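> Provided herewith is a single structure, encoded as structure tokens, for subsequent inquiry.
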Amino acid sequence: RFELARDTIETALRELEAMPRFHNSDIYLGGMYLRDRIALFSDDFDGARRHAAHTHELAVQAGNRTVQGGSAATLALVHLWRAEYSEARRWAERAVELARVTGNPHARMTEVAVALISRVALGESRAAGKFAEAIDDIPIEGDVLPVGDPIAEIGDGA
Numbered sequence: 127r128f129e130l131a132r133d134t135i136e137t138a139l140r141e142l143e144a145m146p147r148f149h150n151s152d153i154y155l156g157g158m159y160l161r162d163r164i165a166l167f168s169d170d171f172d173g174a175r176r177h178a179a180h181t182h183e184l185a186v187q188a189g190n191r192t193v194q195g196g197s198a199a200t201l202a203l204v205h206l207w208r209a210e211y212s213e214a215r216r217w218a219e220r221a222v223e224l225a226r227v228t229g230n231p232h233a234r235m236t237e238v239a240v241a242l243i244s245r246v247a248l249g250e251s252r253a254a255g256k257f258a259e260a261i262d263d264i265p266i267e268g269d270v271l272p273v274g275d276p277i278a279e280i281g282d283g284a
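Per this note's numbering, the very first residue in the sequence shown carries number 127; after that it's consecutive.
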């Protein structure tokens, strides 16, 4: 299924690239973001990192904060899964800020978790409390347990 998804999005991107009015448009950048996520979840970490960095750069140029945040989140996950915690933290914190300003609280949960995991891995557990609070501040619908209290214990050295 990943191969079909990758082929479909690559075809759509080529078609958009052939039409100059769509260069750096929201739909084109969104397609690039989807391509990056497909690479990530297909375990193509090199491709995901390369593409997401390029997508982020184009999104910055276009002023598209939603795709900037999604690309930053993709980069955060790639670096986390490679145990590159400083880079994972940097990109996750960028994604958290962009999710906050674009009003995307549900996306923020993953980015906050990546920032928290990265900080703990880097020995910065004292900063974990602020991320636990950030998770608890995210509006959640349905039967989801709050995670802030157990995570805050990490920051207390527990």
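Beta carbons: idealized from backbone N, C-alpha and C, even for Gly. Please read these numbers as outputs of a predicted model, since none were measured by experiment.
Contact between the segment 141-149 and the segment 167-182: three or more CB pairs below 8 Å?
Taking 8 Å as the limit for Cβ pairs, the verdict is that the segment 167-182 does not touch the segment 141-149.
> Would you mind working out which of Ser212, Arg163, Ser244, Ala209 sits nearest Ala131, comparing C-alpha positions?
Here residue 131 refers to the residue found at position 5 of the sequence shown. Taking only the C-alpha atoms, the option nearest Ala131 is Arg163.
> Drop a sphere of 10 angstroms on the beta-carbon of Gln187, count the other beta-carbons inside from all chains shown, and report buried for 16 or more, exposed for fewer.
Along the sequence shown, read from residue 1 onward, the residue named residue 187 stands at position 61. By the neighbour-count rule (16 or more Cβ atoms within 10 Å), Gln187 is not buried but exposed.
> Quick one: which unbroken alpha helix (DSSP H) runs of 4-plus residues sit fully inside the segment 141-207? Chain order, please.
As far as the segment 141-207 is concerned, its whole alpha helix (DSSP H) runs of at least 4 residues are 152-167, 171-188, 191-207.
> Are there 16 or more other CB atoms within 10 angstroms of the CB of Leu136, so buried, or fewer, so exposed?
Position 10 of the sequence shown, counting from 1, holds the residue named residue 136. The question names Leu, but residue 136 in the sequence shown is Glu. That one is exposed.
> Going by other Cβ atoms of all chains shown within 10 Å of its Cβ, with 16 needed for buried, is Ile153 buried or exposed?
For the purposes of this step, residue 153 is taken as residue 27 along the sequence shown, with counting starting at 1. Result: exposed.
> Pull up the distance between the alpha-carbon of Glu129 and that of Asp169, whole angstroms please.
Translated into positions along the sequence shown, residue 129 becomes position 3. Translated into positions along the sequence shown, residue 169 becomes position 43. Answer to the nearest angstrom: the Cα atoms are 12 Å apart.
> Determine contact between the segment 229-245 and the segment 200-215, defined as no fewer than three beta-carbon pairs at a distance below 8 Å.
Touching, per the Cβ criterion.
> Are Val204 and Arg161 closer than 8 Å when you measure CB to CB?
Counted from its first residue, the sequence shown places residue 204 at position 78. Counted from its first residue, the sequence shown places residue 161 at position 35. No, these two residues do not count as a Cβ contact at 8 Å.
> I'd like the span of the alpha helix (DSSP H) that includes Thr228, first residue to last.
For the purposes of this step, residue 228 is taken as the residue at position 102 of the sequence shown. Run containing Thr228: none; DSSP gives neither H nor E here.
> Just to confirm before moving on: does the CB-CB distance between Leu155 and Gly195 stay below 8 Å?
Working through the sequence shown from its first residue, we reach residue 155 at position 29. Working through the sequence shown from its first residue, we reach residue 195 at position 69. It is not a contact, given that the beta carbons lie outside the stated cut-off.
> Excluding sequence positions up to five away, which residues of its chain have a Cβ less than 7 Å from the Cβ of Thr200?
Your numbering for residue 200 matches position 74 in the sequence shown. Asp162, Arg163, Leu166, Ala174, Ala178.
> Could you tell me the alpha carbon to alpha carbon distance between Gly229 and Gly249, rounded to whole angstroms?
By 1-based counting over the sequence shown, the position of residue 229 is 103. By 1-based counting over the sequence shown, the position of residue 249 is 123. Cα-Cα distance, rounded: 30 Å.
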